[in-house]
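I have placed the structure first, in the form of structure tokens, so that the comments after it can refer back to it.
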Amino acid sequence: MRRSASVVEALLLVSLIFEAQLWAVNGNSHCENLKPLEVRPHSVTITEFGAVGDGVTLNTKAFQNAIFYLQSFADKGGAQLFVPKGRWLTGSFELISHLTLLLDKEAVILGSEDSSDWPIDDPLPSYGRGRELPGRRHRSLIYGNNLTDVVITGDNGTIDGQGSIWWSWFRNHNLSFTRPHLVELKNSTNVVISNLTFMNSPFWTIHPVYCSHVLVQNVTILAPLSSPNTDGIDPGEHH
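Heads up: the sequence shown is residues -24 to -1, 1 to 215, going by mature numbering (1 follows the signal peptide of the UniProt record, and there is no 0).
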């Protein structure tokens, strides 16, 4: 496995990049105002929406329905989605503002090995195409756009992209679209990603793009040495 030894350097780099961007835009840094452990007044558990943590049952609809339900609390202090111990297989799902996604210590979110569970998105405007193929790209496992006040955290729970099948497709030239990231947040502000293990991303692992006030801390990012392009943290352009 690689990158666990270099994760401190990666975190220092991303911290310096975002601090520099914030200083240039605002004349000071607001990272100290981000509160990764802030308690939300409303909380639900993924099992309340029919999720089964057996590593086999596909739970995409459960994640989507839980987050849709929590949207009604966005203007009431925000909400929390708790993922307990278990292996929770899912396709891509989209976050909302004023949300905490909280993983238990022995919780594992598993990315589906069926590419149809990862929707197709347009390329980023600044790229004009998929990163590795012309045209469009697969959406990340955990995705958000135009959000504020988002926390992805846990008691060192795990988000596992099960990327080996994607790496095989890539090597064998069987892909029509650019591979997905594990986490991508676009056009968002006041984001905290902390206290988790990320592993086996199909492509880049954490990709905040067109974002500001982003704090990534206390994460472990793992992938085999042979895995292609499984970068740890790739901060994109800042708007």
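Heads up, the beta-carbon is just placed ideally off N, CA and C, and yes, glycines get one too.
This one's a predicted model, so the numbers in the text were calculated from it and none came from an experiment.
What's the call for residue i, buried or exposed, on a 16-neighbour Cβ count within 10 Å?
{"i": "E24", "result": "exposed"}
{"i": "A199", "result": "buried"}
{"i": "G67", "result": "buried"}
{"i": "D30", "result": "exposed"}
{"i": "S92", "result": "exposed"}
{"i": "L(-13)", "result": "Unreliable placement is indicated for L(-13), whose pLDDT of 37 sits below 50; the coordinate value is still reported in the next sentence. Exposed, by the Cβ-count rule."}
{"i": "R147", "result": "exposed"}
{"i": "H184", "result": "Note that residue 184 is Pro in the sequence shown here, rather than His. With 16 or more Cβ atoms within 10 Å of its Cβ, P184 is classed as buried."}
{"i": "N35", "result": "buried"}
{"i": "G106", "result": "Confidence in G106 is poor, its pLDDT being 47 and thus under 50, which makes the residue's placement unreliable; the coordinate value appears in the next sentence. Label assigned to G106: buried."}
{"i": "N4", "result": "Confidence at N4 is low in this model, with a pLDDT of 41, below 50, so the placement of that residue should be treated as unreliable; the coordinate-derived value is given next. The residue in question, N4, is exposed, as its Cβ has fewer than 16 Cβ neighbours within 10 Å."}
{"i": "V190", "result": "buried"}
{"i": "residue 217", "result": "There is no way to answer for residue 217, as the model of the chain reaches only from -24 to 215."}
{"i": "L65", "result": "buried"}
{"i": "V59", "result": "buried"}
{"i": "V32", "result": "exposed"}
{"i": "G104", "result": "Confidence is the limiting factor: at G104 the pLDDT is only 43, short of 50, which leaves the residue's position unreliable, though a coordinate-based value still follows. G104 should be labelled exposed."}
{"i": "S88", "result": "buried"}
{"i": "H157", "result": "buried"}
{"i": "H149", "result": "exposed"}
{"i": "V15", "result": "exposed"}
Assuming residue i contacts residue j under a Cβ cut-off of 8 Å, what Cβ separation, rounded to an integer in Å, is found between them?
{"i": "D98", "j": "R112", "result": "6 Å"}
{"i": "L86", "j": "Q40", "result": "Not a contact, Cβ separation roughly 16 Å."}
{"i": "L77", "j": "Y119", "result": "With 8 Å as the limit, L77 and Y119 do not qualify as a contact, their Cβ atoms being about 12 Å apart."}
{"i": "V20", "j": "A42", "result": "6 Å"}
{"i": "A83", "j": "G62", "result": "6 Å"}
{"i": "V167", "j": "I182", "result": "Contact doesn't hold; Cβ gap of about 10 Å is too wide."}
Which residue's Cα is closest to the Cα of residue i: the options?
{"i": "T124", "options": "R16, N163, N41", "result": "N163"}
{"i": "residue 252", "options": "K37, H18, K61, S19", "result": "Not covered by the structure: residue 252. The range shown for the chain is -24 to 215."}
{"i": "N194", "options": "F69, G133, G87", "result": "G133"}
{"i": "P204", "options": "A83, N166, S177", "result": "S177"}
{"i": "Q56", "options": "W64, E89, Y45", "result": "Y45"}
{"i": "V159", "options": "N122, F146, D210", "result": "D210"}
{"i": "D207", "options": "L201, Y186, W180", "result": "W180"}
{"i": "H18", "options": "E70, K52, T33, V32", "result": "K52"}
{"i": "I135", "options": "T165, L79, I96", "result": "L79"}
{"i": "T165", "options": "L201, S144, N122", "result": "N122"}
{"i": "I169", "options": "W145, Y186, T196", "result": "T196"}
{"i": "L201", "options": "W143, V192, V167, I96", "result": "W143"}
{"i": "F69", "options": "S48, L100, I22", "result": "I22"}
{"i": "residue 234", "options": "L117, H74, K81", "result": "The requested residue 234 does not occur in the structure, where the chain is confined to residues -24 to 215."}
Establish whether the CB of residue i and some CB of chain B are separated by less than 7 Å.
{"i": "V192", "result": "Absent here is chain B; the protein component of the structure consists of one chain."}
> With contact counted as at least three CB pairs below 8 Å, one residue from each stretch, are the stretch 119 to 129 and the stretch 142 to 154 in contact?
Replying inline: no
>> Which runs of the alpha helix (DSSP H) at least 4 residues long sit entirely within the stretch 23 to 87? Give them in chain order.
In response: 36 to 46
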